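Let me begin by presenting the structure, written as structure tokens, before commenting on it.
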Amino acid sequence: METPVLGKSTPEGARDYLVPSRITPGTFFALPQSPQLYKQSLMISGFDRYFQIAKCFRDEDLRADRQPEFTQVDLELSFTDRAGVMSLTEKLLKHLLKQVGRSCTIPFPRIAYQDAILRFGTDAPDVRFGLEIEDVSGLFTDTAFTVFKNALSSGGVVRAINLKGHSSALSRKDLDDLTPLVHSCKGKGIAWIRMTEDGPQSPIIKYFSEDESQSLYRKLHAHPGDVIVFAADTEKIVCRSLSAVRLYLGRKLGLIDDTQLAFTWVEDFPLFEHDETGRTASVHHPFTSPIEADIHMLETDPFAVTSDAYDIVLNGSEIGGGSMRIHNAELQRRVLSILGIDEQTSHDTFGFLLEALQYGAPPHGGIALGVDRIMMLLLGTESIRDVIAFPKTQKAACLMTGAPSLVPREQLDELHIESIAPDINDA
RNA sequence: GGGGGUGUAGCGAAGCUGGUUAUCGCGCCGGCCUGUCAAGCCGGAGAUCGCGGGUUCAAUCCCCGUCACUCCCGCCA
Numbered sequence: 058m059e060t061p062v063l064g065k066s067t068p069e070g071a072r073d074y075l076v077p078s079r080i081t082p083g084t085f086f087a088l089p090q091s092p093q094l095y096k097q098s099l100m101i102s103g104f105d106r107y108f109q110i111a112k113c114f115r116d117e118d119l120r121a122d123r124q125p126e127f128t129q130v131d132l133e134l135s136f137t138d139r140a141g142v143m144s145l146t147e148k149l150l151k152h153l154l155k156q157v158g159r160s161c162t163i164p165f166p167r168i169a170y171q172d173a174i175l176r177f178g179t180d181a182p183d184v185r186f187g188l189e190i191e192d193v194s195g196l197f198t199d200t201a202f203t204v205f206k207n208a209l210s211s212g213g214v215v216r217a218i219n220l221k222g223h224s225s226a227l228s229r230k231d232l233d234d235l236t237p238l239v240h241s242c243k244g245k246g247i248a249w250i251r252m253t254e255d256g257p258q259s260p261i262i263k264y265f266s267e268d269e270s271q272s273l274y275r276k277l278h279a280h281p282g283d284v285i286v287f288a289a290d291t292e293k294i295v296c297r298s299l300s301a302v303r304l305y306l307g308r309k310l311g312l313i314d315d316t317q318l319a320f321t322w323v324e325d326f327p328l329f330e331h332d333e334t335g336r337t338a339s340v341h342h343p344f345t346s347p348i349e350a351d352i353h354m355l356e357t358d359p360f361a362v363t364s365d366a367y368d369i370v371l372n373g374s375e376i377g378g379g380s381m382r383i384h385n386a387e388l389q390r391r392v393l394s395i396l397g398i399d400e401q402t403s404h405d406t407f408g409f410l411l412e413a414l415q416y417g418a419p420p421h422g423g424i425a426l427g428v429d430r431i432m433m434l435l436l437g438t439e440s441i442r443d444v445i446a447f448p449k450t451q452k453a454a455c456l457m458t459g460a461p462s463l464v465p466r467e468q469l470d471e472l473h474i475e476s477i478a479p480d481i482n483d484a
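For our numbering, count along the first sequence from 1 and bump the result up by 57.
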């Protein structure tokens, strides 16, 4: 099934690519960030299966694994559930791997979002190696060590990784080299303790009480030959920092088997989060269903509500994500209302969906898999642009054709557009 | 918007602390040889060292600026 590319701009999610309408002055189409609303409409209208190899567009800054136009295998099923989508996806990927002479065992392991964040510091964990993170905040509630004390008293956390048995492989300089890495994650620094036969060596150990040290070693099962690294800050910064440290050291210590394909499901995401301005936003998108058991606390405790969404991760890269969708108009209204999207805006933007839901929609859900990222991982390349013909540069330009480019003023006039950018009309 | 890296022949790279004709591989051109199959041998062309400025007797190398590409943070699923 194919769906339109010229669609409607929606307030949620990434920045849209806009296309001006010549026929209706002053109005714009948006290129799809995903065919989400179309495929749901198809389910509601009675198609029980859908798939599409879909081009998607998101006007955000680029990364090694991200460019603004990309390709998804987009699929949706009615009368299914999370297990149904997961099972289908696993079979699809297994089949795909077979075609290219690789293999995997299904079902894939699953990890809850909160566990992923705690143990790996990220919702896209690379599970090919250990070096897992442990929370040690509880051991330092009354600590004299100001760095930990300040982090904890302002609501932060102290977490650590025990680099078991790697002490001899890590010089003092190696440990000091972690500092700039942590700085790049907005962290203030990183502390470490080296466990030796002659006792712990560390610039910070002198600030710990005997109790603190002992319970720390017990909790982390620390023995001579180990090195413990710490971060203390807000949870977000600690996770980001230790995740970066973990990956860096995993590579440096040669712990990552790059012939391995380690798939993981990440599930039980929260339904909502605070966006940068502190407002309530969808973690996934506004059509994601909460799990049945949490619906009752949507209004009373929205941030505790778990969503029926799932991501699939391969070797530490998110290669797809999906969810069960809301198939009830009333529930959809409640969620939009919690997101602060007023009745009028809901109606103007998603009215067609709300109306369709009213006629009785089947339970449905699906997933979208990132084709470019999967290709990148299967080929072992380091950039998504290695597997895209005519890729965009980091400034989202096409070097070969020179797009984007200036256009003659007449063309703008026809589209009822006037540019405020300097020199734009001199093409 | 912020931080880091890179820019040397068509392509991929080397060039230590500034010092005579900027090096190597692949490719290209010419010749020789050859039962080819990623051939071999000999010879050759090809570089405003991203661009602009500065320091210096002397700059690919140091400094400032600028452009491009790239990695990361913000942003994005």
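Glycine included, every Cβ here is placed at the ideal spot set by N, Cα and C.
Here the structure is a predicted model, which means the values were calculated and not measured.
Across the stretch 269–281 and the stretch 171–184, are there enough close Cβ pairs to call them in contact, namely three or more that are closer than 8 Å?
Flag = no, the stretch 269–281 and the stretch 171–184 do not touch.
Would you check if the stretch 292–311 and the stretch 200–218 touch, i.e. whether three or more CB-CB distances between them fall below 8 Å?
Yes: the two stretches touch, three or more of their Cβ pairs being nearer than 8 Å.
Of the residues N385, V362, F320, V370, which one's Cα is nearest the Cα of F344?
When only C-alpha atoms are compared, the closest one is N385.
Roughly how many whole angstroms lie between the Cα atoms of M100 and L227?
C-alpha separation (whole angstroms): 55 Å.
Could you have a look at M252 and say whether DSSP puts it in helix, strand or coil?
Of the three classes helix, strand and coil, the one that applies to M252 here is strand, per DSSP.
By DSSP, does N385 sit in helix, in strand, or in coil?
Here N385 sits in coil by DSSP.
Could you spell out where the alpha helix (DSSP H) holding Q415 opens and where it closes?
Element bounds for Q415: 400–415.
Below 8 Å, can you find three or more Cβ-Cβ pairs linking the stretch 315–322 to the stretch 349–361?
At 8 Å Cβ cutoff, the stretches do not touch.
Just to confirm my understanding: we take A484, look at its own chain, exclude 5 residues before and 5 after, and list those with CB closer than 8 Å. What are they?
Here A484 scores only 38 on pLDDT, less than 50, and its place in the model should not be relied on; the value that follows carries that caveat. Cβ neighbours of A484 beyond the five flanking positions: S462, L463, V464, P465, R466.
On the three-state DSSP scale, how would you describe I481?
For I481, the predicted structure reports a pLDDT of 43, less than 50, and the residue's modelled location is therefore unreliable. A value from the coordinates is still provided. If DSSP states are grouped into helix, strand and coil, I481 belongs with the helices.
Just the Cα atoms here: how many angstroms apart are K65 and Y367?
Roughly 26 Å separates the two Cα atoms.
So, I348 versus S364, is the Cβ gap smaller than 8 Å?
Yes, these two residues count as a Cβ contact at 8 Å.
Are the CB atoms of Y95 and E324 nearer to each other than 8 Å?
The answer is no: Cβ separation not under 8 Å.
May I have a chain-ordered list of the alpha helix (DSSP H) segments no shorter than 4 residues that lie completely inside the stretch 158–193?
The stretch 158–193 contains these whole alpha helix (DSSP H) runs: 170–177.
Go ahead and pull the three-state DSSP assignment for G437.
The answer is coil: DSSP assigns G437 none of H, G, I, E or B.
Compare the C-alpha of R167 against each of W322, F287, T236 and name the closest.
Of the candidates W322, F287, T236, the one whose C-alpha sits nearest the C-alpha of R167 is W322.
Please report the residue range of the beta strand (DSSP E) in which D470 lies.
Segment 466–471 is the alpha helix (DSSP H) holding D470; no beta strand (DSSP E) there.
Is H331 helix, strand or coil when you go by DSSP?
Here H331 sits in strand by DSSP.
Hey, how far is the Cα of Q93 from the Cα of N207?
Cα-Cα distance, rounded: 44 Å.
Three or more beta-carbon pairs under 8 Å between the stretch 388–403 and the stretch 129–143, yes or no?
With a cut-off of 8 Å, the stretch 129–143 and the stretch 388–403 do not count as touching, because too few Cβ pairs lie within range.
CA-CA distance, T438 and I313?
Looking at the two C-alpha atoms, the distance is approximately 15 Å.
Can you tell me whether C296 is helix, strand or coil according to DSSP?
Of the three classes helix, strand and coil, the one that applies to C296 here is helix, per DSSP.
Going straight from the alpha carbon of D231 to that of T84, what length do you get?
Using only the alpha carbons, I get a separation of about 56 Å.
If you count every other CB in all the chains shown that lies within 10 Å of the CB of T334, and 16 or more means buried, which is it?
Under this definition T334 is an exposed residue.
Can you give me the start and stop residues for the beta strand (DSSP E) that R106 sits inside?
106–114 is the extent of the beta strand (DSSP E) around R106.
In the stretch 122–158, which residue ranges form an unbroken alpha helix (DSSP H) of at least 4 residues, counting only runs that do not cross its ends?
Runs found: 139–156.
In three-state DSSP terms, what is Q258?
In this structure, Q258 counts as strand in the three-state DSSP scheme.
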